[in-house]
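Below is one structure, written out as structure tokens, with a few remarks after it.
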Amino acid sequence: MHFKTKILKNSKKNILEVVSKLDSGEVIGLPTETVYGLAGRCDNKNTIDNIYKIKSRPKNNPLIIHYSNPNDALRDIYADSRAIELAKKFWPGPLSIVAKIKSRSIAREALADLNTVAVRVPSNKIFLDVLNKLKTPLAAPSANRYGKISPTSAKDVYEELNSKISIILDGGPSIIGLESTVIDLTEKDTKILRYGGLNKQEINKIISLDNNKTIKIFISPGLSSSHYQPDTSMRINAIRPRKNEAWLAFGAIPKHYKGIAISLSKKKCLKETAKNLYKMLRYLDKRKCAKIAVQKIPELGLGIAINDRLQKASFKKTNAKKY
Ligand code: TXA
Ligand code: MG
Numbered sequence: 001m002h003f004k005t006k007i008l009k010n011s012k013k014n015i016l017e018v019v020s021k022l023d024s025g026e027v028i029g030l031p032t033e034t035v036y037g038l039a040g041r042c043d044n045k046n047t048i049d050n051i052y053k054i055k056s057r058p059k060n061n062p063l064i065i066h067y068s069n070p071n072d073a074l075r076d077i078y079a080d081s082r083a084i085e086l087a088k089k090f091w092p093g094p095l096s097i098v099a100k101i102k103s104r105s106i107a108r109e110a111l112a113d114l115n116t117v118a119v120r121v122p123s124n125k126i127f128l129d130v131l132n133k134l135k136t137p138l139a140a141p142s143a144n145r146y147g148k149i150s151p152t153s154a155k156d157v158y159e160e161l162n163s164k165i166s167i168i169l170d171g172g173p174s175i176i177g178l179e180s181t182v183i184d185l186t187e188k189d190t191k192i193l194r195y196g197g198l199n200k201q202e203i204n205k206i207i208s209l210d211n212n213k214t215i216k217i218f219i220s221p222g223l224s225s226s227h228y229q230p231d232t233s234m235r236i237n238a239i240r241p242r243k244n245e246a247w248l249a250f251g252a253i254p255k256h257y258k259g260i261a262i263s264l265s266k267k268k269c270l271k272e273t274a275k276n277l278y279k280m281l282r283y284l285d286k287r288k289c290a291k292i293a294v295q296k297i298p299e300l301g302l303g304i305a306i307n308d309r310l311q312k313a314s315f316k317k318t319n320a321k322k323y
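Every letter in the sequence shown is one number past the one before it in our numbering, and letter 15, counting from 1, is 15.
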């Protein structure tokens, strides 16, 4: 299908149009607090097939299901005390919980044939408004082409998926700028599958995990080592820029630096860095430099998720531009 993609402002009329299209099975670009999502009703096989097609996403990579409230989300999984505690503390917000699935109404196609599901309650007011009016949970991966940088504005979604969807609802810039943290509660050991907008220390406070033996990282179905990639090749953990490199600084930009340079956060704030990361990578990618060098970012708090994305963004470029 070929659409003339519209970016719509958040208004009563536009929300109703979006809800009606979603209801009839269409796929729409919607804002969340983490990144923009490519949303469609989770109980419609064709809709889910379309989401995979629009993103060119492999079918073995399951989708996160988004709910308007914690009770509905918990009702669709086998929720133990960890799930209930985490939901109470962090929903709505940037946490996705993976657990054994109880619901029979979620299309199998969204689950990549697993007997588990990832559920989350987003905090973005516009997304919640849509969910409340629609009354059906929404499957929503990030609204980028597979392997590319996640979008943090309506314009980014347009750049990624122009003509593949009919509507993008504009909710302004994503306030967190990194995807949700994905936590796996299917086994006794709690595992973080993807570091994201909610950091490990916060989770540790609630389910008292105090060492790395209990929180392990392992490969989630869709978590390949190359992802979130700009076209320009990247060098990370850099101390200073080299000749012909664009400089993505963490902190101040050297006074007399003559090349292309931009700072993720002049005051070295990790929250601000997370919010700016994808936006600035997109910006530098468009400047067509030989390489993007990213200044070293501390591996703590949100820095863990930021470094994870940077590692994936810089992993063995296969499609790097040649100069
Ligand atoms: O912040 C977010 O989570 C955004 C917004 C739109 O909500 N969504 C998002 O979705 O990042 P996506 O599809 O780009 O990433 C979902 C990740 C995938 O890496 C997938 O492998 C993992 O969650 N996942 C989903 N269901 C899973 C399951 N049952 N078991 C293990 N991992 C799962
Ligand atoms: Mg994604």
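Glycine included, each C-beta is placed from N, C-alpha and C at the ideal position.
An exposed status is given to residue 256, since fewer than 16 other beta-carbon atoms sit within 10 Å of its beta-carbon. DSSP places residue 237 inside the beta strand (DSSP E), whose first and last residues are 233-238.
Your pair residue 18 and residue 28 checks out as a contact, with CB atoms roughly 6 Å apart and the cut at 8 Å. Bounds of the beta strand (DSSP E) holding residue 100 are 95-100.
Sequence-distant partners of residue 313 (beyond 5 residues in either direction) whose C-beta falls short of 7 Å from its own C-beta, in its chain, are 228, 229, 230, 234, 281.
Under the DSSP assignment, residue 246 falls in the beta strand (DSSP E) whose first and last residues are 245-249. Residue pairing by DSSP leaves residue 83 without any beta bridge partner. When rounded, the separation of the alpha-carbon atoms in residue 250 and residue 180 is 22 Å. Counting only runs of 4+ residues, the alpha helix (DSSP H) found wholly inside the segment 137-185 occupies 154-161, in chain order. Taking all protein chains in view, the Cβ of residue 67 is crowded by 16 or more other Cβ atoms within 10 Å, so the residue is classified as buried. The beta carbon of residue 299 sits closer than 7 Å to the beta carbons of 307 from its chain, once the five residues preceding and following it are set aside; these are given in chain order. About 19 Å separates the beta carbons of residue 193 and residue 42, which is beyond the 8 Å limit, so they are not a contact pair. Excluding the 5 residues flanking it on each side, residue 274 has same chain C-beta neighbours closer than 8 Å at 176, 177, 178, 197, 302, 305, 306, in chain order. Here residue 104 is exposed. Its C-beta has fewer than 16 other C-beta atoms within 10 Å.
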